[in-house]
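One structure is given here, and the rest of the page talks about it.
There are 2 protein chains.
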Amino acid sequence: MKPIQVGLLGIGTVGSGTFNVLARNQEEIRRRAGRGIEITMVADLNVERAREIVGDAVQVVADAREVIANPEIDIVIELIGGYGIARALVLEAIAAGKHVVTANKALLAVHGTEIFAAAREKGVIVAFEAAVAGGIPIIKALREGLTANRIQWIAGIINGTTNFILSEMRDKGLDFDVVLKQAQALGYAEADPTFDIEGVDAAHKATLMSALAFGIPVQFDRAHIEGITKLGAADIRYAEQLGYRIKLLGIAKRQADGGGIELRVHPTLVPSKRLIANVEGAMNAVMVQGDAVGTTLYYGKGAGSEPTASAVIADLVDITRLHTADPDHRVPHLAFQPDELHATPIVGIDAVRTAFYLRLRVADQKGVLAAITRILAESDISIDAVLQRESAEGENQTDVIILTHETVEGRMRAALAQMQALPTVLAPIVSIRKEELA
Amino acid sequence: MKPIQVGLLGIGTVGSGTFNVLARNQEEIRRRAGRGIEITMVADLNVERAREIVGDAVQVVADAREVIANPEIDIVIELIGGYGIARALVLEAIAAGKHVVTANKALLAVHGTEIFAAAREKGVIVAFEAAVAGGIPIIKALREGLTANRIQWIAGIINGTTNFILSEMRDKGLDFDVVLKQAQALGYAEADPTFDIEGVDAAHKATLMSALAFGIPVQFDRAHIEGITKLGAADIRYAEQLGYRIKLLGIAKRQADGGGIELRVHPTLVPSKRLIANVEGAMNAVMVQGDAVGTTLYYGKGAGSEPTASAVIADLVDITRLHTADPDHRVPHLAFQPDELHATPIVGIDAVRTAFYLRLRVADQKGVLAAITRILAESDISIDAVLQRESAEGENQTDVIILTHETVEGRMRAALAQMQALPTVLAPIVSIRKEELA
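Just so you know, the protein sequences line up as chains A and B, in that order. The first sequence begins at 1 in full-length UniProt numbering and counts up by one. The second sequence begins at 1 in full-length UniProt numbering and counts up by one.
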């Protein structure tokens with residue numbers, strides 16, 4: 001049988017990895033897929049560089065629409081990124097009856113509903129294993145491996161840049177700004193790192209996982225997003241003393257009382273003994289809690305040329321193996337059948353339930369702790385642990401660290417406002433959410 | 001559409017979990033599968049107990065062949081276990097045109113070639129996610145998630161009983177026999193624990209993973225198998241001091257020189273800082289190293305009623321989603337197309353390459369260490385670290401611990417024989433393989 005012909009839109013880091021791995025492992029991949037898989041056409045604005053990567057045997061064009069229009073092409077890989085031209089090209093590829101493989105989490109988190117509906121209409125597959133956690137097959141685990149379960153929550157380290165920065169901050173006791181500069185110098189963070197450090201990239205991925213886990217539409221605009229830019233070395237150190245590490249987690253959670261779904265990205269204290277707390281550097285890991293299976297965890301490289309290519313090619317093999325199946329008997333894009341999505345609401349941040357780490361800079365005088373704990377007690381927020389530092393020599397102020405039990409965020413915010421108004425509280429209170437992940 | 005009808009052979013721990021989870025999550029599962037999935041018939045020799053579990057709405061019979069003969073049944077779940085009657089029933093179900101789901105690793109590791117060939121002949125699916133690592137979707141990861149990769153090795157904690165025993169031995173400093181009795185009292189080990197503690201169960205699972213990873217036939221009879229019965233608390237303690245933990249690993253590895261495949265189960269020193277070294281109690285974890293993706297790890301409950309049921313039901317959903325696909329465009333049972341298996345040999349243990357931990361009980365006198373290290377040097381085995389204990393008071397003997405670099409096992413065995421023959425070596429030398437898993 002002649003090979004499946006693939007057209008590649010955008011040959012940067014992941015695209016060249018995909019081309020190289022497909023070439024290097026072509027025999028192994030053919031033995032698995034039952035048919036060769038070949039990239040026969042590449043579109044990239046930088047035609048020269050593209051030709052250097054793929055050589056003369058592959059047709060290189062500047063205009064992606066030439067790839068889509070080519071009737072020989074069975075599958076289109078979109079590795080352009082972003083919401084604009086990528087959206088138009090993916091929709092055009094679908095309209096032309098091509099299967100699509102993409103690593104574009106931003107596109108799917110925002111325009112997924114439109115794109116999956118168009119794919120269904122045309123009976124083609126839009127595969128996106130590479131969009132979440134690089135080479136880790138987490139989309140497949142959620143969509144196929146855990147289908148028996150009522151999934152209760154997902155919590156993941158799904159952005160390697162921020163995990164690298166947090167690991168360095170902890171190892172070396174440095175503040176965020178210093179480590180970010182180092183990370184940029186080392187190539188672990190981009191020149192404009194906003195999407196990573198502000199949590200936006202993680203929120204795109206958490207949005208996709210929330211849809212897969214709970215059978216709801218993708219709703220990126222409902223995600224609560226906080227990055228790591230305000231974290232200080234002091235809080236990382238105090239957390240450590242209390243048996244916790246701080247990780248930027250993407251969390252999607254079904255509320256126990258059936259109230260709704262929580263979808264949020266924020267720095268989180270996690271018990272040091274959990275495996276996920278020990279995921280260091282640029283690695284990714286996702287925990288999934290299901291009612292039958294209990295806790296499972298998936299770990300690996302969340303980014304990079306060949307790890308991400310591994311996921312892109314897994315999707316190519318899936319399509320090659322299964323594309324003759326009638327479209328009503330395939331694996332649904334978002335795990336649930338498209339006419340079976342639920343409208344369970346994603347709740348606002350005030351309704352989210354977590355425990356908290358609080359750090360208060362206070363005057364070192366009698367009655368301060370009593371005033372703070374009274375506010376918490378009156379707010380019905382119970383305290384798990386208190387750590388009070390002695391004042392440094394010559395200072396008359398100190399840090400009070402409080403770990404609370406779980407509470408509703410709105411209640412905590414009201415209590416924080418009251419505590420902040422105390423004359424003995426001398427600086428803005430730091431509050432970081434805490435999850436036991438048990 | 002009317003539900004897919006499932007017949008269940010053997011309703012013990014996993015069978016009742018499967019029945020209960022299917023009932024509890026039927027709505028969630030139907031939304032994913034696109035069709036209801038119902039167990040409508042159960043065969044178990046203990047008809048009374050079976051009826052107590054499933055109630056009156058399900059037909060219960062003593063004879064499994066009645067289930068297979070029922071034309072209404074689309075899928076047969078085999079949860080009887082063992083090689084004998086289970087083999088006959090699985091082959092009969094295939095012959096009757098039923099898809100089969102099984103958790104029976106022993107059956108597939110020994111008779112897989114025959115069973116998968118029969119399934120291919122009839123165009124039916126034999127699914128076995130539950131056969132390895134309980135609820136962790138590791139079969140799916142190997143068969144579908146990592147298809148881009150030339151897989152280099154797999155190393156897994158794939159037997160919960162032995163991991164529980166090893167965790168207890170380390171935590172409490174106890175010897176194997178004592179902990180085994182406790183584990184039996186707690187229900188973590190069976191009355192006859194032979195298959196677990198001698199490594200046979202792990203070898204069944206490693207055999208299946210070797211086929212999935214390397215595209216070779218299942219060859220359980222070629223696996224090298226050592227259990228944990230000879231491990232002492234002293235070696236666990238010494239390993240800890242050197243920065244290692246001892247885990248029973250199932251390993252399938254492609255030799256770097258292309259010589260063949262290693263397939264082995266044995267106690268293994270693993271660096272304490274690796275995530276897999278921190279997998280405690282009855283939990284399972286599997287590491288997979290691929291040339292594109294790098295290291296990935298999959299963690300979860302490896303046994304138990306509902307975790308294993310989670311995997312059984314995932315297979316039911318897969319079959320429900322995909323059973324209309326033409327048999328030549330399905331996911332192949334063993335990851336590679338059946339006519340694309342290779343005959344790469346599984347090498348004998350003498351050709352295996354690992355590093356070693358050695359403990360020698362020696363006379364506390366001059367020249368002992370020199371004699372030992374000379375033998376290693378002459379055998380071309382290089383030393384990574386030496387730990388020599390002072391003699392206990394009043395004793396004139398002591399332990400010498402040696403970590404070696406990687407060597408060929410046959411060479412190490414010859415060196416061990418020479419060292420054992422030294423008059424100053426006073427007890428049988430303990431040797432345990434060591435893997436860096438980097």
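Note that the Cβ used here is the ideal one computed from N, Cα and C, for glycine as well.
In this model, A103 (chain B) and A311 (chain B) are separated by some 9 Å (Cα to Cα).
Contact annotation: in the region 151–180 of chain B, no residue has its CB less than 8 Å from a CB in chain A. Distance from the CA atom of N396 (chain A) to the CA atom of K247 (chain A), rounded to whole angstroms, is 32 Å. Contact of H329 (chain B) with chain A by beta-carbon distance below 9 Å involves G34, T320, R321, L322, H323, T324 and A325. Neighbourhood of P307 (chain A) in chain B, by CB distance below 8 Å: A292, V293 and G294, in chain order. Residue pairing from DSSP places E38 (chain A) in a beta bridge opposite A:Q5.
Taken atom to atom, the span from the alpha-carbon of T147 (chain A) to that of P3 (chain A) is near 32 Å. Relative to G15 (chain B), the option among B:Q26, B:D74, B:R65 and B:A130 whose CA is nearest is B:A130. Put simply, of B:N278, B:G36, B:T344 and B:S391 the residue whose alpha carbon is nearest the alpha carbon of G258 (chain B) is B:T344. In this structure, DSSP gives H266 (chain A) an extended state, which the three-state scheme calls strand. A355 (chain A) and A213 (chain A) have their C-alpha atoms spaced approximately 23 Å apart. Contact with chain B is found for Q337 (chain A), since one of that chain's Cβ atoms lies less than 8 Å from the residue's Cβ.
Between Y299 (chain B) and chain A, the shortest Cβ-Cβ separation is below 8 Å.
Here the region 60–75 of chain B does not lie against the region 25–33 of chain B, with fewer than 3 beta-carbon pairs under 8 Å apart. Contact check for V286 (chain B) against G156 (chain B) passes: the beta carbons are separated by less than 8 Å. The beta-bridge partner set that DSSP reports for G290 (chain B) consists of B:I151 and B:G294. Take the alpha-carbon of N20 (chain A) and the one of T308 (chain B): they are about 38 Å apart. Contact with chain B is found for L275 (chain A), since one of that chain's Cβ atoms lies less than 8 Å from the residue's Cβ.
Not a single CB atom of chain B sits nearer than 8 Å to the CB of A130 (chain A).
Excluding the 5 residues flanking it on each side, Y188 (chain B) has same chain C-beta neighbours closer than 7 Å at T161, F164 and A282, in chain order. Using beta-carbon distances, K253 (chain A) does not count as an interface residue toward chain B, since no partner is under 8 Å. Close partners of E340 (chain B) in chain A (Cβ separation under 7 Å): R31.
Where S305 (chain A) is concerned, the enclosing alpha helix (DSSP H) starts and stops at S305 to L322. Below 8 Å, enough C-beta pairs join the region 289–296 of chain A and the region 286–303 of chain B to call them touching: three or more. A:L422 is the residue among A:G348, A:S391 and A:L422 whose C-alpha sits nearest the C-alpha of R374 (chain A). Listed in chain order, the beta strand (DSSP E) elements of length 3 or more contained wholly in the region 47–75 of chain A are 59–61.
Here A211 (chain B) is not near R264 (chain B), since their CB atoms are 8 Å or more apart.
Using a C-beta cut-off of 8 Å, the region 131–151 of chain B makes no contact with the region 112–122 of chain B, since fewer than three inter-stretch Cβ pairs fall below that distance.
In this chain, V124 (chain B) is not harboured by any alpha helix (DSSP H), its DSSP state being neither H nor E. Cβ-Cβ separation between K105 (chain A) and I73 (chain A): approximately 24 Å, too far for a contact (criterion under 8 Å). Residue pairing by DSSP leaves S272 (chain B) without any beta bridge partner.
In the DSSP assignment, G156 (chain A) forms a beta bridge with A:G250 and A:V286.
In the assembly as shown, D339 (chain A) is an exposed residue. Its beta-carbon has fewer than 16 other beta-carbons within 10 Å.
Neighbourhood of K140 (chain A) in chain B, by CB distance below 9 Å: P137, K140, A141, E144 and G145, in chain order.
For V126 (chain A), there are no neighbours in chain B by C-beta distance under 7 Å, as the nearest C-beta there is about 17 Å away. The alpha carbon of S391 (chain B) has as its nearest neighbour, out of B:T407, B:Q420, B:M412 and B:R361, the alpha carbon of B:R361.
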